[in-house]
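Residue numbers (my numbering): 574 to 717. Glycine included, C-beta positions come from ideal geometry on N, C-alpha and C.
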Ligand SMILES: [Zn+2]
Ligand SMILES: [Zn+2]
């Protein structure tokens, strides 16, 4: 297999992914630095994410709809660190899933297990919000 298959590709320029309209989100993705990583605290989970402040907030508030406690975001590594070793060592790269959040997006820098957990929560949150208010035009997350 040629080495080119493993080249880094920018999130948003991949096949089938819609372009991210939010500039702040795009520049967060492109910074390719651990510093750009934020953390979402929801229930017992600590999920590393990359996004702009606004879309991170929106993502957190949707995820928080499925829990009793509101979801929290941190722009620095939490005091206890990331408990999951898979998430701790997850590569910050274009191979991670990008979840569309309105005109922006959130890059999930987590292990596959936690990627799917947080995606489920986000989707459940969107369902909850649709039920609460039919006027909300939240983007439907899609990884395909
Ligand atoms: Zn954004
Ligand atoms: Zn994990």
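Among all residues, which have a Cβ less than 7 Å from at least one non-hydrogen atom of ligand 1, and in what chain order do they fall?
For ligand 1, the selected residues are 595, 597, 598, 624, 625, 627, 628, 677.
Between the region 636 to 656 and the region 668 to 677, are three or more C-beta pairs nearer than 8 Å?
These segments do not touch.
Report all residues from its chain with a CB closer than 7 Å to the CB of residue 682; omit the five preceding and five following residues, and keep chain order.
By one-based count along the chain shown, residue 682 stands at place 109. These residues qualify, in order along the chain: 610, 621, 622, 623, 663, 665, 669.
May I ask you to report which of helix, strand or coil DSSP gives residue 645?
Counting from one through the chain shown, the residue named residue 645 turns up at place 72. Strand at residue 645.
Confirm the yes/no value for this check: CB of residue 665, any heavy atom of ligand 2, distance under 8 Å.
As a working note, residue 665 is residue 92 in the chain shown. Residue 665 Cβ: outside cutoff for every heavy atom of ligand 2.
Taking 9 Å as the cut-off, decide whether the C-beta atoms of residue 646 and residue 616 are in contact.
Along the chain shown, one-based indexing puts residue 646 at 73. Along the chain shown, one-based indexing puts residue 616 at 43. Cβ atoms of residue 646 and residue 616: not closer than 9 Å.
Taking only the alpha-carbon atoms, compute the straight-line gap between residue 631 and residue 674 and give it to the nearest angstrom.
Taking the first residue of the chain shown as position 1, residue 631 is located at position 58. Taking the first residue of the chain shown as position 1, residue 674 is located at position 101. Distance between the alpha carbons of residue 631 and residue 674: 7 Å.
Taking Cβ positions, are residue 691 and residue 613 nearer each other than 9 Å?
Reading the chain shown from its first residue, position 118 is the one you call residue 691. Reading the chain shown from its first residue, position 40 is the one you call residue 613. For residue 691 and residue 613, yes; Cβs fall inside 9 Å.
Please go through the same chain and pick out, in chain order, the residues whose beta-carbon is closer than 8 Å to the beta-carbon of residue 618, but skip the five residues on each side of it.
Here residue 618 corresponds to residue number 45 of the chain shown, with the count starting at 1. If we look at residue 618 and ignore the five residues flanking it on each side, its Cβ neighbours are 687, 690, 691.
Could you give the DSSP three-state label for residue 673: helix, strand or coil?
Mapped onto the chain shown, residue 673 falls at position 100. Here residue 673 sits in strand by DSSP.
Going by DSSP, which residues form a beta bridge with residue 620?
The residue given as residue 620 occupies position 47 in the chain shown. In the DSSP output, where bridge partners are listed per residue, residue 620 has 613.
Between which two residues does the alpha helix (DSSP H) holding residue 697 run?
What you label residue 697 is simply residue 124 of the chain shown in a count that begins at 1. Note, residue 697: alpha helix (DSSP H), 685 to 705.
With hydrogens ignored, establish whether the beta-carbon of residue 687 is closer than 8 Å to any heavy atom of ligand 2.
Start at 1 with the first residue of the chain shown, and residue 687 comes out as number 114. Indeed, a heavy atom of ligand 2 lies less than 8 Å from the Cβ.
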